[in-house]
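Here the structure is laid out as structure tokens; the discussion comes afterwards.
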Amino acid sequence: MLFSPEIKESPTLLLGEKARQKEAEGEKIISLAVGEPDFATPEYIIDATKKALDEGYTKYSTPQGLYELRTLIAKENKHYTADEVIIFPGAKAAIHAALASILEPGDEVIIIAPYYVSYPAMIKLAEPKAKIIKLALNKDFTFPIEKLKEKITKKTKLLIVNYPNNPTGQILSFQETMKIVNLVFRNKIYLLSDEIYDKLNFSGKAFHSFAEFPLIKDQLVVINGFSKTYSMTGFRLGYALANQELIQKMNLVNQNIHTNTATFIQKGAVAALTNKPMFLIPYNNELKERALYLHEEINKLPLFSGVLPEGAFYYFMNISKTKLTSVEFANKLLEERNMLVVPGIAFGEKFDKYVRLSLCVSMDTLKEAVEILKEFK
Ligand SMILES: Cc1ncc(COP(=O)(O)O)c(C=O)c1O
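Each step along the sequence shown adds one to the number in our numbering, with nothing skipped, and position 214 is 214.
Shown next, in the form of structure tokens:
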């Protein structure tokens, strides 16, 4: 296979390795690089998973996923039936299967930068001859709808969006969502909407899934999963909603690569959906408090600035006044102050003047991080 330069190790890995080495030498690392919730997987999900093992859910299951689980997911999405849902070992696997099912050589795929770090590699792994068109958000992180219109050509096959967004934490307004729906419909392109952070929303602003718009149902793949909402990152459980034709193609990818998602893990997800996620209210409140604190403190500092996140659990901090690249900045923080952040370059070439800070740490850790940033020279 053609190994495109887009299929590369993230700069985070190298930094992470350095941080681990320091930890092994007994040093304390303040890591703001984490991309997973800081609460334990709910007990009832763990119990249901263990029970499933005891009850013998240890064999192959239908490749598309347990009907019981697909029915519960469909119930959350009123325009979809269980036949229009497919389960994968993680949202990443679902995205890859969708890309492999949609893309053909020469197709153009538009991704919005800053983007989730794995999109370029996943596109090239799914279709090495697809062309990636990167379109940057507006300066204030609003959606560049006018610029997007100009980027769409006859070769454009797919647009990928991710809201609530990793790394900016922004959420589309209803009007912006509608504008994208209309653009996708008029230009007859596919839309892949990665909605993995949909329930991590502390803005008071309603999040609208693209699954709410039947107008584009034939052109749409919605990706979601259990990693972020239920703190189930290690379970590896994601899913996609799409029309029957795409589901069938994605199922062929699934059958030939994964066979099925671990059966007892799917039973854990059934428990996740049959219990009310009461823990999400206090967690969103905590995220809000952390986001507000970080935003206020960062914007008081002469070297740094940022835009208040509305959802997900990251803060994308502008470091341009330091005159350092994002990798230089991250290395300096780690070398001199044992603090780990993700360099903005990982989210797109145009974002080398940013770093991503995680909100999935305690308030005390955030306070320590702010003290370090205050002293940064
Ligand atoms: C935008 C986005 N999509 C997908 C994923 C991957 O999710 P999963 O753990 O279900 O593969 C992540 C994880 O960081 C993410 O941020």
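Glycine included, each C-beta is placed from N, C-alpha and C at the ideal position.
Inset, instruction - Please write down, chain order preserved, every residue whose beta carbon lies under 6 Å from a heavy atom of ligand 1. - result: Gly35, Gly90, Ala91, Lys92, Tyr116, Asn162, Asn166, Asp194, Ile196, Gly225, Ser227, Thr233, Gly238
Legend entry - Contact set for Ile152: own chain, Cβ-Cβ below 6 Å, skip 5 residues either direction: Reading the sequence shown from its first residue, position 152 is the one you call residue 152. Hits under 6 Å: Asn187.
Inset, instruction - Give the range of the alpha helix (DSSP H) segment to which Leu2 is assigned. - result: By one-based count along the sequence shown, residue 2 stands at place 2. Here Leu2 belongs to no alpha helix (DSSP H), and DSSP marks it neither H nor E.
Legend entry - Assigned secondary structure, Glu328 (DSSP; H/G/I helix, E/B strand, else coil): To locate residue 328, count along the sequence shown from 1; it is residue 328. Three-state DSSP puts Glu328 in a helix.
Legend entry - Backbone CA spacing between Asp38 and Leu32 [nearest angstrom]: Walking along the sequence shown from the start, residue 38 turns up at place 38. Walking along the sequence shown from the start, residue 32 turns up at place 32. Using only the alpha carbons, I get a separation of about 12 Å.
Legend entry - Between the CA atoms of Pro42 and Gly268 - distance to the nearest angstrom: Translated into the one-based positions of the sequence shown, residue 268 becomes position 268. Translated into the one-based positions of the sequence shown, residue 42 becomes position 42. The straight-line gap from Cα to Cα measures roughly 10 Å.
Legend entry - Bridge-paired residues (DSSP) for Phe156: By one-based count along the sequence shown, residue 156 stands at place 156. The sequence shown places Thr at residue 156, not Phe. Answer by DSSP bridge pairing, in chain order: Glu108.
Inset, instruction - Let me know the secondary structure DSSP gives Tyr239 once reduced to three states. - result: Locating residue 239 in the sequence shown gives position 239, counting from the first residue. Strand, per DSSP.
Legend entry - Limits of the unbroken beta strand (DSSP E) element including Val221: As a first step, residue 221 is located in the sequence shown; it is residue number 221 there, counting from the start. Its beta strand (DSSP E) spans residues 220–225.
Legend entry - Leu53: first and last residue of the uninterrupted alpha helix (DSSP H) it sits in: By one-based count along the sequence shown, residue 53 stands at place 53. Residues 43–54.
Inset, instruction - Would you decide whether Met339 is buried or exposed? Buried here means 16 or more other CB atoms lie within 10 Å of its CB. - result: For this step, residue 339 is matched to residue 339 along the sequence shown. The residue in question, Met339, is buried, as its Cβ has 16 or more Cβ neighbours within 10 Å.
Legend entry - Distance, Ile30 Cα to Ala24 Cα: Position 24 of the sequence shown, counted from the first residue, corresponds to residue 24. Position 30 of the sequence shown, counted from the first residue, corresponds to residue 30. Answer to the nearest angstrom: the Cα atoms are 14 Å apart.
Inset, instruction - Would you kindly report the start and end of the unbroken alpha helix (DSSP H) that includes Tyr119? - result: Within the sequence shown, numbered from 1, the residue matching residue 119 stands at position 119. 119–126 is the span of the alpha helix (DSSP H), which, as asked, contains Tyr119.
Legend entry - In DSSP terms, what Arg356 is bridged to: Numbered from 1 along the sequence shown, position 356 holds the residue referred to as residue 356. Phe316, Val342, per the DSSP bridge assignment.
Inset, instruction - Measure the alpha-carbon distance for His96 versus Ile189 and round it to whole angstroms. - result: Against the sequence shown, residue 96 aligns to sequence position 96. Against the sequence shown, residue 189 aligns to sequence position 189. C-alpha separation (whole angstroms): 18 Å.
Legend entry - Status (buried if at least 16 other CB within 10 Å, exposed otherwise) for Ala312: Along the sequence shown, read from residue 1 onward, the residue named residue 312 stands at position 312. With 16 or more Cβ atoms within 10 Å of its Cβ, Ala312 is classed as buried.
Inset, instruction - Could you have a look at Ile87 and say whether DSSP puts it in helix, strand or coil? - result: Taking the sequence shown and counting its residues from 1, the one referred to as residue 87 is at position 87. Correct three-state label for Ile87: strand.
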